[in-house]
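Asker:
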Amino acid sequence: MRLLCGEAERVRPWLHLEHAPCYSKSQAFHALTDGRFKYIWRPGGGREHLFDLEQDPREERDLASDADRHEALNEWRAVLIDRLALRPEGFSDGVRLIFGRPYPALNDGVPRHPTK
Numbered sequence: 143m144r145l146l147c148g149e150a151e152r153v154r155p156w157l158h159l160e161h162a163p164c165y166s167k168s169q170a171f172h173a174l175t176d177g178r179f180k181y182i183w184r185p186g187g188g189r190e191h192l193f194d195l196e197q198d199p200r201e202e203r204d205l206a207s208d209a210d211r212h213e214a215l216n217e218w219r220a221v222l223i224d225r226l227a228l229r230p231e232g233f234s235d236g237v238r239l240i241f242g243r244p245y246p247a248l249n250d251g252v253p254r255h256p257t258k
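Last residue of the sequence shown: 258 (the working numbering), numbering continuous.
Here's what the structure looks like:
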């Protein structure tokens with residue numbers, strides 16, 4: 143709770159969000175944000191999104207295909223590749239993201255990821 147109230151140091155420079163496909167496969171996503179940028183990856187089809195939350199807080203302008211943001215997209219992708227490498231679904235082999243893998247709505251076998 144201290145972290146949420148701004149009374150403690152951050153554990154890592156980003157937050158990992160996940161929405162499993164509980165209603166439909168198209169709703170599933172993994173996202174990372176540092177408060178400035180938000181990177182989203184959809185494991186059903188592999189689509190990526192990148193938003194600048196300071197300039198576009200409503201996430202209306204997807205920067206994923208913007209050539210000027212290619213480096214930022216690659217950096218965020220690398221973080222997610224590392225983050226998902228230990229997951230049992232096989233979303234990452236440690237080198238790339240792998241879409242189309244089976245993705246249960248509830249997975250008790252997800253290991254606790256070390257804090258980085």
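Glycine included, C-beta positions come from ideal geometry on N, C-alpha and C. Remember, it's a predicted structure, so these values are computed and weren't measured experimentally.
1) How would you write the range of the beta strand (DSSP E) that W218 sits in, first residue to last?
2) Could you pull out every residue in the same chain whose Cβ sits closer than 7 Å to the Cβ of A214, ignoring the five residues on either side in sequence?
3) So L174 and V237 are in contact, right, with Cβ under 8 Å, and what is the actual spacing, rounded?
4) Can you give the Cα-Cα distance for G232 and F171, rounded to whole angstroms?
5) Can you tell me whether R225 is buried or exposed, with buried defined as 16 or more other CB within 10 angstroms of its CB?
6) Spell out the partners DSSP gives F179 in its beta bridges.
7) When you compare each of R203, N216, C164, W156 to A247 by their alpha carbons, which one comes out closest?
8) Cα separation between P185 and G242?
9) Let me know the secondary structure DSSP gives A209 once reduced to three states.
10) Quick check on S168: does DSSP put it in helix, strand or coil?
Answerer: With the structure as the only source:
1) Segment 212 to 226 is the alpha helix (DSSP H) holding W218; no beta strand (DSSP E) there.
2) Excluding positions up to five away in sequence, the list reads F179, L192.
3) Between V237 and L174 the Cβ distance is about 18 Å, and since that is not below 8 Å, they are no contact.
4) Cα to Cα, G232 sits roughly 14 Å from F171.
5) Its Cβ being crowded by 16 or more others within 10 Å, R225 is buried.
6) Paired residues: D194.
7) Relative to A247, the option among R203, N216, C164, W156 whose CA is nearest is C164.
8) C-alpha of P185 to C-alpha of G242: approximately 6 Å in a straight line.
9) Note: A209 maps to helix in three-state DSSP.
10) If DSSP states are grouped into helix, strand and coil, S168 belongs with the helices.
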